[in-house]
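Adding 6 to a residue's 1-based position in the sequence shown gives its number in my numbering.
Just so it is clear, CB atoms sit at the ideal spot from N, CA and C, and this is done for glycine as well.
See below for the structure under consideration.
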Amino acid sequence: MIDTHSHIYSEEFDQDRLEIIKAAREVGVKKILLPNVDASSIERMHQTESEFSEMCTAMMGVHPTSIKEDYKKELEIVKNWLDQRSYIAVGEIGIDLYWDKTFVKEQMEAFEQQIIWAKELDLPIVIHCRDAFSEVFEVVERQLDEKLKGVFHSFTGDINDAKRIVEYGSFMMGINGVVTFKNTHLRDVLKEVPLNKLVLETDAPYLAPVPYRGKRNQPAYIEKVAHTLSQVYDMPLDLIIAHTSDNASHIFNI
Ligand SMILES: [Zn+2]
C-alpha cells in the first residue's frame, strides 16, 4: 500500500516515529508521501524524509490555511525549494473556507500560482478542499490542460463533485478514515466512482479510521481504509490494494 498523504513528520510523532514506520511496514505500507504545510514545517519534513528515505518522499507547497497577510513570502519559499531539488508533488495546496474566509482571494491566487509551477515541473498537485468545491473547481478548470494532474486529497464531496473530478480524466480522489465512519455518505458516493480513480491515504495524525476514530492516526491504519473499500466494491482486499497502489504509482510516477 502507498499512504499518499501523511504528516508523520509532525511533532505528534516525535516520540515514536521509528515504531510508527515499522508498524506501517509490517502491514505492507511501501511508501508514505509527506505533504508540506508551510514554511514552518519544511525542515521537519525534509528531516523525516532523509531519515526514512526508503519509505518517505516529500511534496512541496503551502496549505490554504497558511495563506495569510504574508502569503507572498510563503510562496517565495515554496518556489525556492521547487527550484532547488525534486519533489514527488506540489502539495498540499488548495482552498479552505471552513476555518476562515478572510483570505479567499489570496487563497485562490496562491492555489493557481502553485498549479502553474506544478505544470512547469510536470508534477501532480495534491489538493486540500474544505467547504470550497466551487472555488477549487473554478481555479482547476482555468488551468486544466494535458499537463495538469493530481489528487483531491481527503475527498468527501457528493456524487456531482465526484463525477466532475472523474471527467477531468487526470485526477484521482484520496480516500482515508472518513470512509469507515458510521454516518458518512462517502460509501454511497463511491459506489458510483470507478476504482481506478481512487488512492489510499491516512492524513495522519488526523482522521483515524474506525475503530481508532478520535485517536492519533498513523500509516498502519490505512489497512482499515482498504478493508472498507473491499466491502464497498465487493472485491477481495488484495485486489483493492493492488489497484489503489497502481493508481498511486501512476499519478505520482513512483
Ligand atoms: Zn494534510
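For a test of the three-state rule: what should DSSP assign to residue i, helix, strand or coil?
i, result
"H69", "coil"
"R136", "strand"
"K74", "coil"
"S12", "strand"
"L103", "coil"
"I257", "helix"
"L39", "strand"
"I27", "helix"
"V216", "coil"
"V199", "coil"
Just the C-alpha distance for residue i and residue j, rounded to the nearest angstrom, thanks.
i, j, result
"F108", "I101", "The residue you asked about is not Phe; residue 108 is Thr in the sequence shown. So the two alpha carbons sit approximately 12 Å from each other."
"L204", "A232", "11 Å"
"N223", "V35", "14 Å"
"D137", "E32", "36 Å"
"L154", "I8", "22 Å"
"V184", "S12", "15 Å"
"D106", "R148", "24 Å"
"Q119", "V110", "14 Å"
"R193", "I122", "33 Å"
"Q53", "A29", "20 Å"
"K230", "Q237", "11 Å"
"K78", "D244", "45 Å"
"A168", "L196", "8 Å"
"P130", "A95", "5 Å"
"V142", "D252", "26 Å"
Any chance the CB of residue i is under 7 Å from a heavy atom of ligand 1?
i, result
"D209", "yes"
"P41", "yes"
"E98", "yes"
"H13", "yes"
"H233", "no"
"H134", "yes"
Check whether the Cβ of residue i lies closer than 7 Å to any heavy atom of ligand 3, and answer yes or no.
i, result
"K155", "Ligand 3 is not part of this structure, which contains only ligand 1."
Whole beta strand (DSSP E) elements within the stretch 144–197, 3-residue minimum: You should have 156–158 and 177–181.
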